[in-house]
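Only one structure is covered here, and it is reproduced in the block below.
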Amino acid sequence: AAAAADAGSGERPIPRFESRDGRHALIVDGAPFLVLGGQAHNSSNYPEPLKQVWPALDELGANTLSISIAWEQVEPEEGRFDFSFVDHLLEQARAHDKRLILLWFATWKNNGPNYAPAWVKLDNDRFPRVVREDGVVLNSLSPHAQSTLDADRRAFARLMAHLREHDRERTVIMVQPQNEPGTYGGVRDYSPLARQAFEGQVPQALLERLGKRPGTWREVFGADADETFHAWHIARYINEVAKAGKAEYPLPMYVNAALRGPFNPGQPGQYASGGPTDNMLDVYKAAAPDIDLLAPDIYMPEYLHYTTVLERYARPDNALFVAETGNAPEYARYLFAALDHDGIGWVPFGMDYTPYGNWPLGVKRTTPGTIAPFRLAFALVNQGMREFAKAASEGRLHGVAEQPGVPERTIRLNARWNATIAYGLPHFWFQGQAPGNPEPVGGALIAELGPDEFLVTGMHARVTLQPAAEGEALIYERVEEGRYVDGRWEFHRNWNGDQTDYGLNFSDAVQLLRVRLATYRTT
Ligand code: N0T
355 AAAAADAGSG ERPIPRFESR DGRHALIVDG APFLVLGGQA HNSSNYPEPL
405 KQVWPALDEL GANTLSISIA WEQVEPEEGR FDFSFVDHLL EQARAHDKRL
455 ILLWFATWKN NGPNYAPAWV KLDNDRFPRV VREDGVVLNS LSPHAQSTLD
505 ADRRAFARLM AHLREHDRER TVIMVQPQNE PGTYGGVRDY SPLARQAFEG
555 QVPQALLERL GKRPGTWREV FGADADETFH AWHIARYINE VAKAGKAEYP
605 LPMYVNAALR GPFNPGQPGQ YASGGPTDNM LDVYKAAAPD IDLLAPDIYM
655 PEYLHYTTVL ERYARPDNAL FVAETGNAPE YARYLFAALD HDGIGWVPFG
705 MDYTPYGNWP LGVKRTTPGT IAPFRLAFAL VNQGMREFAK AASEGRLHGV
755 AEQPGVPERT IRLNARWNAT IAYGLPHFWF QGQAPGNPEP VGGALIAELG
805 PDEFLVTGMH ARVTLQPAAE GEALIYERVE EGRYVDGRWE FHRNWNGDQT
855 DYGLNFSDAV QLLRVRLATY RTT
């Protein structure tokens, strides 16, 4: 319907990011959108490997492909631009009915310049590297070199201008300038240029953001001065790149983070120093106003680690977008945990059939079998993607992911209703304590449609609803199974009897329920 309306007015609206009163939405084709994505492996950005990307994305049921565009492929010689792969990708994505998130692998790709063209990465004089305090030179470009910023920014602006001219269909919905920026093996640059900057005053914007009094970096930040300084300069650099790109074509832009451990972070340099780690989010907000959000790359399968990262990146001033996550089956249920934080999207990494696996971060080899649990989770949300997206943007969405050792959990839905999500139960009857699933594969998603009406789906879980008030008991008015088609509810059947007497039981079937609840007095 949106496409038809837009066709009438001639042009589709440019995807945009909206943030108001601490709520966020990615607006695609005029309405909130959830990125149910898959990220290709790093080197799949050529026509041949791309053939092995689409079948995996289709198997996954993803609506979006995240894929790298390398500076080395679009500007192999200085000033000579080649967007043939970009054009091929756009055409292929449309043919496969996928949106795109483009990842600009340039000055920083996992801290290094390996994706920069040879004329950049081999010219240390013109494009200097980070120098450690002991004089050792690192494979990470310095954020202090104007020459590097000018070159990267120019190429990125050309890419965005190209999209403006060649993507009236709005196939590309977001862009990620750089990838996991920051420096490994050192806390900051100690080159003469950097040393001089370090002796200067902390910028006003940062002082204001943090409520600090003026001074040098050391005076204001003490032991954290080096990392904060490096983060400021990297963020500022990326902001300049993003700003130049947006001036050509204003797509939403984000920066992804190689995380530090949420509980045992270690020292900057052991993790990517100067990247948007959880301790540097405010620095990035102050330094990079043209960046719409800071996105975690979550390769931590353990429940408390995963959910703590979600909590730290989902903020009133930062929309949650899981830019990358592991593609091992145990990660699939975390889609619902991300949506509980009103996430705008969630993208497992390594979702293509090229013969590579990033085990132990993900599976050794992506196959239909390893994709299956992700496929189920995506299919469940896809039954009402726009409705769930709208609910997330209005704070009406609740999601749970199974936590090992916690076989059931009760959550508050609104003033009138609570829900209990239990795992490992049969679909018929059962008294006593739920055992939990043998593997933590369960999850549920509940959107509030009205005070007594909810959209409910789940996998490997039993959802029961209870009135919050004393002296009242639940009676279902309707438990309609169906799905949304172009924004309209398509009714399939009404659940009753065995299907509702023991809660709403979800397996690996793709089922969406629109539930209208009522109560009767028990006293
Ligand atoms: C990711 C990916 C790709 C808990 C790894 C993760 C992608 C990049 N890096 O396959 O390289 O381009 O963004 C780094 C995780 C470090 C280890 C964390 C252990």
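Residues in the sequence shown are numbered from 355 upward in steps of one, following this note's numbering.
By construction, the Cβ of each residue, glycine as well, lies at the ideal position given by its N, Cα and C atoms.
Next on the checklist: Can you look up K405 in the DSSP assignment and give me helix, strand or coil?
Outcome noted: coil
Checklist entry - What first and last residue would you give for the alpha helix (DSSP H) that runs through L324? => result The first residue shown for the chain is 355 and the last is 877, placing residue 324 beyond what the model contains.
Checklist entry - Thinking just about the alpha-carbon of each residue, which of A598, R729, G433 is nearest to the one in Y685? => result R729
Checklist entry - Going by the beta-carbon positions, is the gap between M514 and L605 smaller than 9 Å? => result yes
Checklist entry - Do F387 and I698 come within 9 Å of each other at the CB atom, strictly closer than that value? => result Cβ distance < 9 Å, so I698 and F387 count as in contact.
Checklist entry - Taking three-plus beta-carbon pairs below 8 Å as touching, is the segment 433 to 451 in contact with the segment 718 to 733? => result no
Next on the checklist: Please classify R507 as buried or exposed, where buried requires at least 16 neighbouring CB atoms within 10 angstroms.
Outcome noted: buried
Next on the checklist: G376 and D671 - do their beta-carbons sit closer together than 9 Å?
Outcome noted: yes
Next on the checklist: I need the DSSP call for D360, collapsed to helix, strand or coil.
Outcome noted: A caution first: D360 carries a pLDDT of 46, below 50, which makes its placement in the model unreliable, though a value can still be read off. In this structure, D360 counts as helix in the three-state DSSP scheme.
Checklist entry - So, is the C-beta of F439 closer than 9 Å to a C-beta in chain B? => result This model lacks chain B altogether; it includes just one protein chain.
Checklist entry - Using a threshold of 8 Å, is the CB atom of E684 nearer than that to any non-hydrogen atom of the ligand N0T? => result no
Item to check | Nearest candidate by alpha-carbon position, reference P821, set Q757, T873, Q558 | outcome: Distance check between P821 and each of Q757, T873, Q558 places T873 closest, using alpha-carbon atoms only.
Next on the checklist: Less than 6 Å between C-beta atoms, sequence neighbours within five positions excluded: which residues of the same chain meet that for P535?
Outcome noted: W462, I588, G629
Checklist entry - Taking the C-alpha atoms as reference points, what is the distance between Y710 and G539? => result Between the alpha carbons of Y710 and G539 lies a gap of roughly 26 Å.
Checklist entry - Along the chain, where does the beta strand (DSSP E) that runs through H846 open and close? => result 842 to 848
Checklist entry - Looking only at its own chain, which residues have a Cβ that is under 6 Å from the Cβ of L547, when we skip the five neighbours before and after it? => result If we look at L547 and ignore the five residues flanking it on each side, its Cβ neighbours are H498.
Checklist entry - What residues come near the ligand N0T, if near means a beta carbon less than 6 Å from any of its heavy atoms? => result Those residues are N396, N464, N533, E534, A612, D651, Y653, M654, E678, F703, N712, L715, given in chain order.
Checklist entry - Taking C-beta to C-beta, are S496 and T502 nearer than 9 Å? => result yes
Checklist entry - Does the Cβ-Cβ distance between S398 and D646 come in under 9 Å? => result No, the Cβ-Cβ distance between S398 and D646 is not below 9 Å.
Next on the checklist: Just to check my reading of the structure: E678 and N610 have Cβ atoms closer than 8 Å, yes? What is that Cβ distance to the nearest angstrom?
Outcome noted: 7 Å
Next on the checklist: Using the Cβ count rule (16 or more neighbours within 10 Å means buried), how would you classify G680?
Outcome noted: buried
Item to check | Burial state of E824 (16 or more Cβ within 10 Å) | outcome: Counting C-beta atoms within 10 angstroms of its own C-beta, E824 has fewer than 16 neighbours from the protein chains shown and is therefore classed as exposed.
Item to check | P794 burial status per 10 Å Cβ neighbour count (16 or more: buried) | outcome: P794 comes out buried.
Checklist entry - Going by C-alpha distance, which of E844, L867, R842 is nearest N850? => result L867
Next on the checklist: Which residue wins for smallest C-alpha separation from Y660, given the options T811, G554, L689, E365?
Outcome noted: For the set T811, G554, L689, E365, the Cα lying nearest the Cα of Y660 is the one of L689.
Checklist entry - Taking the alpha-carbon positions, what's the A359 to E844 distance? => result Note on A359: pLDDT 43, under 50, position unreliable in the model; the coordinate value appears next. Cα to Cα, the separation comes out at about 21 Å.
Checklist entry - L613: which of V574, R666, T570 sits nearest, CA to CA? => result R666
Checklist entry - Terminal residues of the continuous beta strand (DSSP E) containing G753? => result 751 to 755
Item to check | Endpoints, the beta strand (DSSP E) within which M739 is located | outcome: Here M739 belongs to no beta strand (DSSP E); instead the alpha helix (DSSP H) covers 739 to 747.
Item to check | Where T662 falls: helix, strand or coil (DSSP) | outcome: helix
Item to check | Paired residues, beta bridge with H378 - DSSP | outcome: S373
Checklist entry - What are the start and end residues of the alpha helix (DSSP H) that includes A733? => result 722 to 736
Item to check | Nearest neighbour of V894, chosen from N417, W408, T537 [CA to CA] | outcome: The structure shown does not extend to residue 894, since the chain is modelled only from 355 through 877, so no value can be given for it.
Checklist entry - If we call anything under 9 Å between Cβ atoms a contact, is R870 one with E831? => result yes
Checklist entry - In this structure, does DSSP put Q624 in helix, strand or coil? => result coil
Checklist entry - Got a sec? Which residues, its chain only, sit under 7 Å from L635 by beta carbon, not counting five neighbours each side? => result L648, N672
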